[in-house]
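**Student:** Chains as they are written, first to last, in our numbering: chain S, 1 to 351; chain A, 352 to 669. Please read through the structure below; I'll follow up with questions.
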Amino acid sequence: MSSSKTRSVSYAEALYEALYQEMDRDPSVFVYGQGVDDAKGMYGTTLDFHKSFGPERCFDTPLSEDAMTGVGIGAAIAGMRPVHVHQRMDFLLLCMNQLVNMAAKMSYMTEGAVNVPFVVRGIIGRSWGQGAQHSQALHSYFMHIPGLRVFAPTTPYDAKGCMISAIRDDNPVVFMEHRMLYGNTGIVPEASYEVPFGQARLLSEGNDITIVGISHMVVEVLRAKQLLAQKGISADIIDPVSLAPLDIDTIATSVAKTGSLMVVDTSWLSCGAGSEIVTQVIEKLQGARDIRVSRLGYQPTPCPTTRPLEDLFYPTAQSIALGAYNLLEKPGDWAPEAVEASEIAEFRGPF
Amino acid sequence: MNQEIDAQTVGRLFAAMLRIRCVEEEIIRVYSSDKVKSPVHLSIGQESIAVGVCENLRAIDIVYATYRGHAAYLAKGGDINGMMAELWGKSNGLASGKAGSMHLGDREAGMIGTSAIVATGIPLAVGNALAMKMQRKDVVTTVFFGEGATDEGVFHESLNFAALRKLPILFICENNQYAIYSHVRDRMGVENLCERVAAYGVPATRIENGDVFEVSEQTRIAVQEIRDGNGPQFLECMTYRWRDHVGPGEDRHIDYRPDEELDRWIANDQIARLGGLLDNADRQKIEAEIELEIAEAIAFAETGPFPGGEVMYKNVVQ
């Protein structure tokens, strides 16, 4: 094993390590949800916690998302720090009432007498025919609600640090993970650390355009960067990491420099995170800077199952590069080549 | 009346019920002045349930209740001043005027909160019970809800989980038979609620007539079972709302329930019944104390300032 400073682990391993370290550090932390204590351990992220920390602190639940969310909120108010896991984010729709009407409001309605340190993990599915109900990224729903925090880390480093921050935070946090990021590896310190809320990450610096990627789309944006380089276009590439609170200043500062903004979301455009980011940037820069904006995301349809249609449904490195090229109104047509997304091409399921 | 119930107990239960009744009658009295800028769901007629239950709870025990929550809050030992100022929307209210009547909560009284979304507080109470069990704390959690809440899926999910984990929780269904103006027989295929609850493995008992002594005695038995580690208990307490679903008014003119039904329950008033069991002097002393307490609460609410604009942004997150 390499030294801690250069140690490379996967996104899934980083989440496992964050959860393990926090459970080890703080006996009020517990992890629950359908399948967390089974032989697969939620893609390894909760593997054998019921053995390491006992079945009281890592347990399977009835198929009762609504009540089990309320149970987490009630336990959090009573001094615990629950982490509720959903293998697909789509199931958070069954938790909406509890998250929006209760978790988000308890602090306010009691003028701070109670608080809800509660983490809700939702994993977005993609590839291998996840279809209409196992592929949805619902972060914009939660960004809309005062009282909720939303994390959407892309790198293993951020996955670990954001999870630790989320668990230690005194508010309800929706923690959005993406299945296609689980195998990605990166340098992750072994020691515990926090990644703060409300701080975006500038991943790459350029001059011509600012491209914001959300969750897995950061990976595609970084691929598009290589294509854009063929045309001499360089980009500031930003990962917001924390969607609520949102670090709009980092993005706006970049756009003030480049004059163009493209947001690539792993969700739909209408009333989405991209709409919010674009609007806030325009509000900040109008009058000071003429800017061009555009958004990319899911096609305005439910997610189809069959691969040829699924390939059209999502933005790709190719469509991102072309979108940026067109936004900048560069002369002449350009047909950027397709770039294989290995995490998608190599995925063999079943889930 | 059971011979074993002493005058002190009668006085205590009478005072607790009368306190709730008088607070709500005061709310009715001032409501037309528009000082209470909050929808109110009055408990008048239902006081005996909250009082009979809370008679058996300790200060450290925890209660969750509903938007019809004045009775539960006051019965659990709530602060009339803070509650009235909250209804008045003042900064000396329980939540600086951010909660109003529908979201009363007070950690000091052991009442975490009330929800205006039917049944939504039930799983939170179950979560509280889970936490108490994990923390090895000798705390009983009680959750109040109406029979309308038993129509909701989350009620059934919560019962199942509480039974599965043998959690120390008391479910109190205040069955006033109407969800707004919809009678329970128009909403349930099987009317016997206790049978349905028992099917989840939760012992369930129905108390027919709102008798405050019976509610207290059945609660005492249920709480003992819970403290002995035998898991959740369920009490279906039949009761009746005398006033309209929301607001201060009576609702005979709406003609959704028979006048005789309402009259029968009014004749069954537990406050009048217990008042009749007390010596005149004892009763008048209690009445005078409550009158004074409420007058002070109104003054507290009236003289409190409204919150400043900066309060708006406090405690959205912590």
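Yeah, the Cβ is synthetic: ideal placement off N, Cα and C, and Gly gets one too.
So is A/M663 buried or exposed if we call it buried at 16+ other beta carbons inside 10 Å?
**Tutor:** That one is exposed.
**Student:** Tell me which residues share the same chain as A/R370 and place their Cβ nearer than 7 angstroms to its Cβ, disregarding the 5 neighbours each side in the sequence.
**Tutor:** Excluding sequence neighbours, A/R370 sits near L425, I641.
**Student:** Pair every Cβ in the stretch 355-369 of chain A with every Cβ in the stretch 616-633 of chain A, then say whether three or more of these pairs are closer than 8 angstroms.
**Tutor:** The stretch 355-369 of chain A is in contact with the stretch 616-633 of chain A.
**Student:** Is S/E310 buried or exposed, if buried means 16 or more other CB atoms sit within 10 Å of its CB?
**Tutor:** Answer is buried; the Cβ neighbour count reaches 16.
**Student:** Just by C-beta distance, which residues in the stretch 491-510 of chain A are closer than 7 angstroms to chain S?
**Tutor:** Residues passing the 7 angstroms Cβ filter: G504, V505, E508, S509.
**Student:** Would you mind giving the Cβ-Cβ distance between S/F118 and S/P62, rounded to the nearest angstrom? I have them listed as a contact below 8 angstroms.
**Tutor:** Not confirmed; about 19 angstroms, so no contact.
**Student:** Taking only the alpha-carbon atoms, compute the straight-line gap between A/A460 and S/I73 and give it to the nearest angstrom.
**Tutor:** Going by the C-alpha atoms only, they are around 20 angstroms apart.
**Student:** Can you name, in chain order, every residue of its own chain whose Cβ lies under 7 angstroms from the Cβ of A/E559, other than the five neighbours on each side?
**Tutor:** Excluding residues within five positions, the ones whose Cβ falls inside 7 angstroms are M589.
**Student:** Taking the runs of the beta strand (DSSP E) that are 3 residues or longer, which of them lie wholly in the stretch 444-488 of chain A?
**Tutor:** Counting only runs of 3 or more, we get 462-466.
**Student:** So, is A/I607 buried or exposed, given that buried needs 16 or more other C-beta atoms within 10 angstroms?
**Tutor:** For the record, residue 607 of chain A in the displayed sequence is Tyr; it is not Ile. Exposed.
**Student:** Looking at the structure shown, is S/E53 part of a helix, part of a strand, or coil, going by DSSP?
**Tutor:** Checking the displayed sequence, the identity of residue 53 of chain S turns out to be Phe instead of Glu. Note: S/F53 maps to coil in three-state DSSP.
**Student:** For S/L19, would you say it is in contact with chain A, using Cβ-to-Cβ distances shorter than 7 angstroms as the test?
**Tutor:** No, no contact with chain A.
**Student:** With DSSP as the reference, label S/M1 as helix, strand or coil.
**Tutor:** Because the pLDDT at S/M1 is just 45, under 50, the model does not fix this residue reliably, and the value given afterwards should be weighed accordingly. Three-state result, S/M1: coil.
**Student:** Give me the Cβ distance between A/L521 and A/V490, rounded to the nearest whole Å; I'm assuming they're in contact under 8 angstroms.
**Tutor:** No, A/L521 and A/V490 are not in contact; Cβ-Cβ is about 11 angstroms, not under 8 angstroms.
**Student:** Quick check for students: name the residue ranges of the beta strand (DSSP E) that lie wholly in the stretch 63-92 of chain S, counting only runs of 3 or more.
**Tutor:** Those beta strand (DSSP E) runs which fall completely within the stretch 63-92 of chain S and span 3+ residues are 81-86.
**Student:** Between the stretch 447-464 of chain A and chain S, which residues of the former have a C-beta closer than 8 angstroms to a C-beta of the latter?
**Tutor:** Residues passing the 8 angstroms Cβ filter: S447, K449, A450, H454, G456, D457, R458, I463, G464.
**Student:** Any beta carbon of chain S sitting closer than 7 angstroms to that of A/Q669?
**Tutor:** Yes, A/Q669 counts as interfacial toward chain S.
**Student:** Taking A/K665 as the query, report the chain S residues whose CB atoms sit under 9 angstroms from its CB, ordered along the chain.
**Tutor:** Simply Y108, E111, G112.
**Student:** Between A/G561 and chain S, is the shortest Cβ-Cβ distance under 7 angstroms, so that the two count as touching?
**Tutor:** Not one chain S Cβ lies under 7 angstroms of A/G561.
**Student:** Threshold first: 4 residues or longer. Then list the alpha helix (DSSP H) segments lying entirely within the stretch 169-239 of chain S, N to C.
**Tutor:** Whole alpha helix (DSSP H) segments, 4+ residues: 217-230.
**Student:** Please classify S/H50 as buried or exposed, where buried requires at least 16 other C-beta atoms within 10 Å of its C-beta.
**Tutor:** Result: buried.
**Student:** Quick one, which of S/S275, S/S204, S/K160 has its alpha-carbon nearest S/A191's?
**Tutor:** Closest option to S/A191, Cα to Cα, is S/K160.
**Student:** Quick check: the Cα distance between S/A287 and S/A252, rounded to an integer number of angstroms?
**Tutor:** Note that residue 287 of chain S is Gly in the sequence shown here, rather than Ala. The straight-line gap from Cα to Cα measures roughly 13 angstroms.
**Student:** If distances are taken between C-alpha atoms only, which option among S/Q98, S/I248, S/Q130 comes closest to S/L285?
**Tutor:** Comparing Cα-Cα distances from S/L285 to each of S/Q98, S/I248, S/Q130, the minimum goes to S/I248.
**Student:** Determine, for A/L408, whether the minimum Cβ-Cβ distance to residues of chain S falls below 7 angstroms.
**Tutor:** So no, A/L408 is outside the interface.
**Student:** Leaving aside the five residues before and after A/I649 along the sequence, list all residues of the same chain whose C-beta is less than 8 angstroms from its C-beta, in chain order.
**Tutor:** Same-chain partners within the cutoff: E377, V381, M435.
**Student:** For A/L481, decide whether its Cβ has a neighbour in chain S, counting only Cβ atoms nearer than 7 angstroms.
**Tutor:** Closer than 7 angstroms: yes.
**Student:** I'd like to know whether the C-beta atoms of A/E525 and A/R557 end up nearer to each other than 7 angstroms.
**Tutor:** No, the Cβ-Cβ distance between A/E525 and A/R557 is not below 7 angstroms.
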